[in-house]
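Step one of this worksheet: look at the structure below.
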Amino acid sequence: MSIEIPRPTPRVPIGRIPVIDVAPTFENGRWPTKAVVGEVVTIRATVFREGHDAVAASLVLTSPTGEETRVRMDCVNAGLDLHVAQMVPTSEGEWTFHVEGWSDPWATWVHDAEIKVAAGIDVELMLAEGAIVLERAAREREASTPGAVLLERTATYLRDLSQPAMSRFAAARAPQVDQELASDPLRDFVSPSAAYPLTVHRERALYGAWYEIFPRSEGAWQNSDGTWNSGTLRTAAAGLDRVAAMGFDVIYLTPIHPIGTTNRKGPNNTLTAGPADPGSPYGIGAPEGGHDAIHPDLGTFADFDAFVARARELDLEVALDIALQASPDHPWVAEHPEWFTTRADGSIAYAENPPKKYQDIYPLNFDNDPEGIYQAMRDMIMLWIEHGVTLFRVDNPHTKPLVFWERLLGEVAESHPEVLFLSEAFTKPAMMRTLAAIGFHQSYTYFTWRTEKAEIEEYLREVSGDLASVMRPSFWPTTHDILTPQMQSGGVTVFAIRAVLAALASPTYGIYSGYELVENVARPGAAEQIDNEKYQYVARDWQRAESIGISRLLTQLNAIRRRHPALQQLRNLTVHATSDDAILAFSHHLAPEHSPTGQADTVIVVVTLDPFATREGSVYLDLAALELQAAAGATFTVTDELSGATWQWGGENYVRLDPRFNVAHVLRVSHA
Numbered sequence: 001m002s003i004e005i006p007r008p009t010p011r012v013p014i015g016r017i018p019v020i021d022v023a024p025t026f027e028n029g030r031w032p033t034k035a036v037v038g039e040v041v042t043i044r045a046t047v048f049r050e051g052h053d054a055v056a057a058s059l060v061l062t063s064p065t066g067e068e069t070r071v072r073m074d075c076v077n078a079g080l081d082l083h084v085a086q087m088v089p090t091s092e093g094e095w096t097f098h099v100e101g102w103s104d105p106w107a108t109w110v111h112d113a114e115i116k117v118a119a120g121i122d123v124e125l126m127l128a129e130g131a132i133v134l135e136r137a138a139r140e141r142e143a144s145t146p147g148a149v150l151l152e153r154t155a156t157y158l159r160d161l162s163q164p165a166m167s168r169f170a171a172a173r174a175p176q177v178d179q180e181l182a183s184d185p186l187r188d189f190v191s192p193s194a195a196y197p198l199t200v201h202r203e204r205a206l207y208g209a210w211y212e213i214f215p216r217s218e219g220a221w222q223n224s225d226g227t228w229n230s231g232t233l234r235t236a237a238a239g240l241d242r243v244a245a246m247g248f249d250v251i252y253l254t255p256i257h258p259i260g261t262t263n264r265k266g267p268n269n270t271l272t273a274g275p276a277d278p279g280s281p282y283g284i285g286a287p288e289g290g291h292d293a294i295h296p297d298l299g300t301f302a303d304f305d306a307f308v309a310r311a312r313e314l315d316l317e318v319a320l321d322i323a324l325q326a327s328p329d330h331p332w333v334a335e336h337p338e339w340f341t342t343r344a345d346g347s348i349a350y351a352e353n354p355p356k357k358y359q360d361i362y363p364l365n366f367d368n369d370p371e372g373i374y375q376a377m378r379d380m381i382m383l384w385i386e387h388g389v390t391l392f393r394v395d396n397p398h399t400k401p402l403v404f405w406e407r408l409l410g411e412v413a414e415s416h417p418e419v420l421f422l423s424e425a426f427t428k429p430a431m432m433r434t435l436a437a438i439g440f441h442q443s444y445t446y447f448t449w450r451t452e453k454a455e456i457e458e459y460l461r462e463v464s465g466d467l468a469s470v471m472r473p474s475f476w477p478t479t480h481d482i483l484t485p486q487m488q489s490g491g492v493t494v495f496a497i498r499a500v501l502a503a504l505a506s507p508t509y510g511i512y513s514g515y516e517l518v519e520n521v522a523r524p525g526a527a528e529q530i531d532n533e534k535y536q537y538v539a540r541d542w543q544r545a546e547s548i549g550i551s552r553l554l555t556q557l558n559a560i561r562r563r564h565p566a567l568q569q570l571r572n573l574t575v576h577a578t579s580d581d582a583i584l585a586f587s588h589h590l591a592p593e594h595s596p597t598g599q600a601d602t603v604i605v606v607v608t609l610d611p612f613a614t615r616e617g618s619v620y621l622d623l624a625a626l627e628l629q630a631a632a633g634a635t636f637t638v639t640d641e642l643s644g645a646t647w648q649w650g651g652e653n654y655v656r657l658d659p660r661f662n663v664a665h666v667l668r669v670s671h672a
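Residues in the sequence shown are numbered from 1 upward in steps of one, following the UniProt record's numbering.
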């Protein structure tokens, strides 16, 4: 069989001023770097040349309409040629960026003249050469403009032999001359890098608070004989006010489709289900329909449309769980048996993730009829988009071919660029990154299992660094499948700690319904809740949540996130040193020129990682990262957004966190 071998990216010839190591990019531009509208993205490149003449670099951002924005880059490690600049895309669509290296004749002259004129070497020659550079710069400007007049006048003065040499040199080094040549420099031997793709999405791709529910539990109640009455989409809609009041942005529904009865799972994942057990909503498909149908207990498409309408009234977007698999009773099994794997004994293989077994689920086999499966999946996704779904949480995408996802997500993006996909892939880093590269907008992460200070710090640096250009992290303290040992043992306090970390470290985070009630009892032998909602109805007493306090904390955190644009971005995160191994400190900072308010926005988060004991120590701030005064003894005002307390802080600051009263300080910095 002949296999077509892809060709690598075409070689880009070296420029007169070499530009290399442009970053962040993914696979040298094979897939686009990502951003959202208004996001501050730092681009770096190594730019150098032979000899000793000065070099400079510009970052060029090209919009979907072809409009170019050019930003001068700064060399951040003198002598080692690393140039850095920031860009902020202003609209959605397919952008490009590239770096231009160029020789800077004015900077070359300034460097040489500062040495020679001060030493009395070739003074008149150096001043004459400076005049030539200025005269050239004046000619390249429109005649009679203030800039052209300034440069011409300065060149004339440099040639005036009646004036002292040092006076003439000082005139050429006047701030207004430097400013004029910095804003519109002379650029020789301009050498562009390759143009790299940049896909810009809407803000929700980076920033949003998700709240997950099982619709059948919303409004469910138990009869005196122990049987249950299912909640419906209408009763779930009635509960949206509570979710919106806490400040969430996305309401995420687990699958709402008919559930098969063959091998249906009972409570706690048992193999025997009673006649009244609802089964797992991930065992999708029954005689009533499959992925394009709604479970009769939940209602109809009219009820779903009403749910979406009510969500929109409350400024909530609707996310739907998509699990590409089938119960043994799914119509696909009879209509398309080739879509599944047949074993040697003639049976269809059910899903397994040893030691876990999912006898109620048949995985799709994408190798037998890839085109037929693709068309069915695409049509199903489009159906839910037509009914108002704008986000999809995709179950286990890493168990399906990446070529399938790249095609599907690309086609959806062409017709519905507003629709976003969250990858639920708790798997190897290479798979997670590549799923993001080929089109997933967000990804579940390892945050759930990062509990110690050093590993949290390392992970925050990782996800906010170059990885952020391709994989946007979504932080979840728990899910309907995951209850870590820490969450089982730390009580209310650890639920508060993890909520602070999730909500304030990442712009996107999620909470599974019941978090407010500190549901933390594990099924023996499993890192998941006992009486798991995936296999049964759960009726919750939301009145009790008020006395626990987690719902109030979530409300506070979501309000803080909305007040501070710095918390709505990721790449501006800085981890700060502390003296205690259970006190973590990090910040988000936006400079005035990048903040929508026109003022700097800085939030410092200091959180204990110990749910049991009071911890105290020092926080050592990286003042340069926060653009704060670094002079000895200089202080600034910080206000705790949780308690309202105000302090004067500087480079080193004492903190004391008692988990009985306050697990964190969320500090708003008052910039002078």
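By construction, the Cβ of each residue, glycine as well, lies at the ideal position given by its N, Cα and C atoms.
Source: prediction; values computed, not measured.
Cβ-based neighbour list, residue i, same chain, cut-off 6 Å, excluding 5 preceding and 5 following
i: I511; result: Y211
i: T232; result: L298 and G299
i: F340; result: I348, Y362 and N365
Where the beta strand (DSSP E) containing residue i begins and where it ends
i: R72; result: E68 to R72
i: V88; result: From DSSP, V88 is part of no beta strand (DSSP E); its letter is neither H nor E.
i: F475; result: P473 to F475
i: G510; result: T508 to Y512
i: Q648; result: T646 to W649
i: W210; result: G208 to I213
i: E338; result: Premise fails: E338 is in no beta strand (DSSP E) and is neither H nor E.
i: I604; result: D601 to T608
i: E652; result: E652 to L657
i: residue 675; result: Limits of the chain in this structure are 1 at one end and 672 at the other, which puts residue 675 out of reach.
i: A205; result: Here A205 belongs to no beta strand (DSSP E), and DSSP marks it neither H nor E.
i: Y350; result: Element bounds for Y350: n/a, residue is neither H nor E.
i: P192; result: D188 to P192
i: R668; result: A664 to S670
With 16 other Cβ atoms within 10 Å as the buried cut-off, status of residue i
i: Q536; result: buried
i: E142; result: exposed
i: L316; result: buried
i: H52; result: exposed
i: V521; result: exposed
i: L161; result: exposed
i: D360; result: buried
i: Y362; result: buried
i: W31; result: buried
i: T597; result: exposed
i: E114; result: exposed
i: Y252; result: buried
First and last residue of the uninterrupted alpha helix (DSSP H) at residue i
i: P485; result: P485 to S489
i: A302; result: F301 to E313
i: L383; result: P370 to E386
i: R168; result: A165 to A172
Proximal residues to residue i (C-beta, below 8 Å), its chain only, five neighbours per side dropped
i: A107; result: A54 and A56
i: T484; result: T448, W449, T451, T478 and A527
i: G644; result: none
Inter-residue CB distance, residue i and residue j (contact presumed, cutoff 8 Å)
i: Q442; j: A205; result: 7 Å
i: Y509; j: F475; result: 4 Å
i: R393; j: D321; result: 5 Å
i: V606; j: V619; result: 6 Å
i: V22; j: A45; result: 5 Å
i: N268; j: N532; result: 6 Å
i: T33; j: Y207; result: The Cβ separation is near 18 Å, so there is no contact.
i: residue 680; j: G247; result: Since the displayed the chain opens at 1 and closes at 672, residue 680 lies outside it and no answer follows.
Residue i Cβ short of 8 Å to the ligand SAH heavy atom set
i: I385; result: Inclusion of the ligand SAH in the displayed structure is not the case, the ligand content being empty and no account of it being possible.
Other residues of its chain near residue i: CB distance less than 7 Å, five sequence neighbours each side excluded
i: E100; result: A57, S58, V60, V190, S191 and P192
i: S595; result: P565 and D601
i: N28; result: T9
i: V76; result: L82 and V84
i: S579; result: G617 and S618
i: A220; result: W228, N229, S230, G231, Y537 and A539
Exercise. Which runs of the beta strand (DSSP E) fall wholly inside the stretch 521-591 and span at least 3 residues, in chain order?
Worked result: 573-578 and 583-590
Problem set entry | Any beta strand (DSSP E) of 3 or more consecutive residues that is wholly inside the stretch 396-475 | 420-424, 442-444 and 473-475
For this session: Pick out the complete beta strand (DSSP E) segments inside the stretch 20-79, 3 residues or longer, and give them in chain order.
Result: 33-36, 41-47, 55-62 and 68-72
Exercise. In chain order, which continuous runs of the alpha helix (DSSP H) of length 4 or greater are located wholly inside the stretch 93-148?
Worked result: Counting whole runs of 4 or more residues, the stretch 93-148 contains the alpha helix (DSSP H) stretches 105-119 and 123-139.
Problem set entry | Whole beta strand (DSSP E) elements within the stretch 216-257, 3-residue minimum | 250-253
Exercise. Which residue spans inside the stretch 611-644 form an unbroken beta strand (DSSP E) run of at least 3?
Worked result: 615-620 and 636-640
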